[in-house]
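Following: one structure in structure tokens, then a few remarks.
There are 2 protein chains.
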Amino acid sequence: MTSESLEPNRRRGRARSSGSETRLPDQKPFKQPRMRYAPTKVLSDDELESIHLASLKILSDYGMDFLDPDARELMKKSGAKIEDQRVRFDPEMVLETIKTCPSEFKLHARNPAHTLNIGGDWMAFGSVASTPNFIGLDGVRHAGTRKDFQELLKLSQVFNIIHFNSGYPVEPVDLHASIRHIETTFDLLTMTDKAIHCYSLGRQRNRDVLEMCRIARQVDDETLDREPSVFSIINSSSPLRLDTPMLQGIMEFSSRNQIIIITPFTLAGAMAPITLAGALAQQNAEALAGMVFTQVVRPGAPVAYGGFTSNVDMQSGAPAFGTPEYMRTAMAGGQLARRYKVPYRSSNVCAANALDAQAAYESVFSLWGAVQGGVNFVMHGAGWMEGGLHSSLEKFILDVDLMSMVAAYLEPIVVDEATLAHEAIGQVGPGGHFFGVQHTQDRFRDAFFKPMISDWRNYESWQEGGSPTAVTKTKELAQTWLAAYRTPEIDEKALAELKAFVSRRVSEGGVATDF
Amino acid sequence: MTSESLEPNRRRGRARSSGSETRLPDQKPFKQPRMRYAPTKVLSDDELESIHLASLKILSDYGMDFLDPDARELMKKSGAKIEDQRVRFDPEMVLETIKTCPSEFKLHARNPAHTLNIGGDWMAFGSVASTPNFIGLDGVRHAGTRKDFQELLKLSQVFNIIHFNSGYPVEPVDLHASIRHIETTFDLLTMTDKAIHCYSLGRQRNRDVLEMCRIARQVDDETLDREPSVFSIINSSSPLRLDTPMLQGIMEFSSRNQIIIITPFTLAGAMAPITLAGALAQQNAEALAGMVFTQVVRPGAPVAYGGFTSNVDMQSGAPAFGTPEYMRTAMAGGQLARRYKVPYRSSNVCAANALDAQAAYESVFSLWGAVQGGVNFVMHGAGWMEGGLHSSLEKFILDVDLMSMVAAYLEPIVVDEATLAHEAIGQVGPGGHFFGVQHTQDRFRDAFFKPMISDWRNYESWQEGGSPTAVTKTKELAQTWLAAYRTPEIDEKALAELKAFVSRRVSEGGVATDF
């Protein structure tokens with residue numbers, strides 16, 4: 005399927021086609037979970053303040069390298085001290101400038117039903133992003149292609165627990181880098197109707213993607229300017245550096261009121277101090293610098309605080325995820341983001357090579373860190389393996405189940421007269437059982453979360469069934485759900501304009517790739 | 005190995021033997037984790053109060069069946085209303101009686117270094133207990149034997165993260181029921197030097213086990229009476245019933261100031277209402293009734309509140325663990341226990357048949373519920389599979405790693421001048437790396453938690469290594485650590501007296517098994 009041959013089936017939206025979907029497991033409707041419990045504080049208020057102050061001192065003593073001259077010029081006008089590429093920040097300026105960061109905003113999807121609230125107690129879960137490799141149902145790891153990319157998009161679209169596209173769910177290296185952003189954004193906007201990400205890899209790419217979002221939503225520039233419709237992850241090149249495409253991405257998007265998520269890549273022991281407090285201080289310094297720059301570009305521009313601090317295996321240098329260090333820094337990151345009253349981004353990550361117990365426990369520990377850390381925006385929610393070096397269809401299925409369980413955990417226990425069940429308890433009495441009573445009968449269908457993967461059969465039945473493991477189940481489920489995918493409805497005019505845009509920009513040769 | 009042939013190697017305590025242990029992965033010293041973060045409240049204070057009041061109303065309107073006449077007689081003297089087997093509790097009496105429950109106490113092990121603090125912010129992790137079946141390294145599931153039991157004891161002893169023996173890590177059905185408690189307690193007290201559990205299965209068993217604990221500790225009855233040295237899990241036969249052996253267990257142990265852990269077995273939809281609020285109200289009613297009875301037997305007797313509410317698969321009736329329902333009730337149980345200022349018991353449980361992703365995610369979700377619920381006492385910490393129907397050596401290894409990671413997560417982030425690393429950050433500067441700096445060199449050996457199982461090699465090296473999964477690793481590690489087991493040192497007099505006790509009681513025929 006290429007952008008030219010794509011014919012989204014406009015008459016078979018999921019609501020209307022019931023045939024092949026009746027055999028699918030139930031899923032809950034699209035809905036953002038909310039964090040109704042108090043996030044866990046792994047740092048005392050004093051410790052949090054120490055890290056905050058340490059990061060201000062980093063920014064004022066050492067500063068950050070801003071590799072883009074336009075960005076430095078803007079910072080200079082805002083009173084920062086510039087010396088060569090180095091930008092030093094006065095603490096008061098930092099605190100004053102970030103005051104305009106909004107604490108909550110929307111991320112508009114082309115389907116308004118999939119527009120998201122970012123911030124407050126809202127959570128949103130995204131798919132995997134940015135891996136170079138892919139493992140499909142044949143189990144063979146290979147460099148990602150557009151076909152793999154599209155397989156993953158189908159899963160992102162079909163599952164209601166996936167609230168947005170985190171980026172390219174795998175890098176499609178068979179698309180030339182000059183036009184990759186155009187073709188992929190076409191796929192993202194037509195094969196899914198959920199919110200999308202744009203890689204900041206040079207000003208023109210940001211402009212192309214933003215224009216495609218505008219077309220897909222069929223709104224004018226003024227509306228786009230009021231309604232953030234795309235986000236970009238801005239990774240600092242830790243330690244203490246923001247490179248040109250990242251700075252340009254902020255300039256392009258913040259100036260247009262689009263969403264920037266600043267995420268320092270601070271692996272403790274490698275690109276950041278080996279001590280968690282030091283890694284967090286550096287993470288915070290880099291995040292603050294990025295946040296300041298968004299507000300310098302445009303006060304009030306939407307920006308989120310990303311926490312990605314983890315540790316490396318000090319023997320091999322390999323990055324590790326879902327570790328006890330990761331959990332604590334994920335929670336500490338949430339505390340820092342809330343200190344600055346901005347939304348918080350974390351991730352569902354693991355370092356496992358195989359879809360085994362390790363993949364599961366590292367992912368759940370990551371989610372534990374994110375969720376108890378009060379996360380708003382979960383990147384890499386479904387499908388991430390091997391420290392981000394490959395995406396997996398089967399891991400996608402596993403993660404969908406994990407995130408669905410997290411969402412169910414976040415549903416409050418309803419406490420009222422009916423649920424307290426005083427009458428039913430009396431009816432059953434000592435030594436009885438509750439299967440048969442009306443109180444149970446009225447509720448048994450929807451009382452509990454139903455996982456896709458968990459096999460709760462007794463051992464004998466399970467053995468007779470061939471002793472399937474979670475891997476067997478995820479493979480079957482991936483096939484089932486891929487088959488259930490339907491291209492979402494799209495406005496005909498939007499589709500025609502998108503195609504025309506792709507055609508024109510591709511014929512123009514896309515963008516230069518030698519920046 | 006029988007109790008007769010056992011010759012604990014008294015001169016090869018772990019501290020002295022270094023030869024074969026040098027190849028073992030590091031482990032941290034024996035140490036109880038502490039909960040330094042605020043537990044998660046899944047219920048508001050009002051909701052908590054509603055559940056509390058609902059449970060008092062259950063106890064006053066319906067009461068509990070106490071199947072033992074002596075227990076009923078004691079309750080009658082304490083002002084409860086008795087009608088046939090039914091005991092009804094006045095709310096004021098409940099609240100007044102439980103006031104004497106201690107909020108913190110010790111569980112003495114025969115090795116004083118393994119004596120535990122129960123309550124407050126202390127945590128203790130136990131091994132698996134009470135499963136009928138076993139899966140060893142051959143992968144074949146079979147009914148438990150003493151040999152299997154002993155294999156599991158070796159792992160319980162060798163790992164420092166296992167703080168106590170939760171019970172029989174598998175039921176050794178080749179030991180006759182009349183003498184099983186004697187032979188197993190001998191094994192528990194000689195093959196490990198950690199605290200032990202006693203099954204309440206008739207008064208004489210409690211007495212035998214308590215006497216063996218006294219002998220092992222070489223203390224007199226008065227000391228035993230001051231120093232709790234054994235615990236018993238008391239499960240109510242939900243709904244609303246306490247059977248004879250359980251009530252006798254409380255009478256035997258509470259009267260001797262030994263530890264009772266009341267754990268209602270309230271599976272929502274089966275033995276308890278299908279609504280979580282109702283299941284919790286019933287759990288709480290049963291827990292309060294048991295707590296009351298301990299204090300009627302002896303005011304001030306140590307007692308803990310056990311939460312075990314989960315849900316069943318409403319299609320098959322199969323119990324489920326580590327579900328979103330389980331997580332929330334685990335946390336709510338902690339809130340209830342803290343309301344009554346008693347220690348809280350929860351578990352590390354799963355329903356998986358295979359050691360796959362399901363086993364891992366259900367266990368980590370269980371631990372998430374327990375830990376964020378402010379658990380003090382974790383039963384079934386290592387080795388539990390299949391909803392408690394089999395113990396697994398490999399799962400034991402996995403759980404040791406999971407619990408070690410939880411313990412590492414609970415270690416506070418140290419925030420001070422050295423860890424904030426201002427100097428090191430300046431030294432490295434923008435674009436540098438931290439591998440080489442002194443700040444890293446001084447700390448790289450112990451900076452991060454080192455898991456046993458997680459494989460962080462790059463994909464190519466991992467493939468060349470045979471693509472091992474976590475299962476491969478756990479199998480190897482089980483062999484390694486079993487080989488590293490050394491019988492802990494034991495006082496010669498204690499050992500001789502224990503042997504004499506076993507010999508005498510076995511020759512007497514143990515206990516009647518037709519109760």
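Line by line, the protein sequences give chains A and B.
Residue numbering for the first sequence follows my numbering, starting at 5 and increasing by one per position.
Residue numbering for the second sequence follows my numbering, starting at 5 and increasing by one per position.
Built from N, CA and C at the ideal position, the CB exists for glycine as well.
May I ask you to report which of helix, strand or coil DSSP gives residue i?
i	result
R90(B)	strand
I429(B)	helix
A451(A)	coil
T26(A)	Residue confidence for T26(A) is low, a pLDDT of 44 falling below 50, so the modelled location carries little weight; the figure read from the coordinates is stated next. T26(A): coil per DSSP, three-state reduction.
S134(B)	coil
F153(B)	helix
L246(B)	strand
D386(B)	In the sequence as presented, Asp is not what sits at residue 386(B); that position holds Ala. Correct three-state label for A386(B): coil.
A482(B)	helix
G326(B)	coil
F439(A)	coil
V316(B)	strand
N121(A)	strand
W126(A)	strand
K85(B)	strand
I219(A)	helix
A181(A)	coil
A358(A)	coil
A272(A)	strand
L10(A)	With a pLDDT of 38 at L10(A), under the threshold of 50, the modelled position of this residue cannot be trusted; read the value that follows with caution. Of the three classes helix, strand and coil, the one that applies to L10(A) here is coil, per DSSP.
F381(A)	strand
K61(B)	helix
L340(A)	helix
At which residues does the beta strand (DSSP E) containing residue i begin and terminate?
i	result
R38(B)	Per DSSP, R38(B) belongs to no beta strand (DSSP E) and is neither H nor E.
E108(A)	108-111
S236(B)	235-238
S396(A)	394-396
Residue i bridges to which residues according to DSSP?
i	result
A199(B)	F168(B)
W372(A)	In the DSSP output, where bridge partners are listed per residue, W372(A) has none listed.
Y348(B)	Y309(B)
D69(A)	R90(A), R245(A)
R145(B)	I139(B)
I457(A)	Note: I457(A) sits in no beta bridge, so no partner.
I266(B)	I238(B), Y309(B)
So, under 8 Å CB-CB, residue i and residue j are touching, yes? Tell me the CB distance rounded to an integer number of Å.
i	j	result
F325(A)	C354(A)	5 Å
N352(A)	G385(A)	5 Å
A498(A)	I219(A)	6 Å
I238(A)	I266(A)	5 Å
L120(B)	H167(B)	6 Å
State yes or no: is the C-beta of residue i nearer than 7 Å to some heavy atom of the ligand GTP?
i	result
A364(B)	As presented, the structure is devoid of all ligands, the ligand GTP included, so that no description of it is given.
By a C-beta neighbour count over all protein chains shown, 10 Å radius and 16 as the cutoff for buried, is residue i buried or exposed?
i	result
D360(A)	buried
Q154(A)	buried
K158(B)	buried
S465(A)	exposed
P303(A)	exposed
P232(A)	buried
T444(B)	buried
A516(A)	exposed
Quick check on the DSSP output: the alpha helix (DSSP H) that includes residue i runs from which residue to which?
i	result
K45(B)	Here K45(B) belongs to no alpha helix (DSSP H), and DSSP marks it neither H nor E.
D229(A)	225-230
P95(A)	95-101
Q467(A)	463-468
F505(A)	496-511
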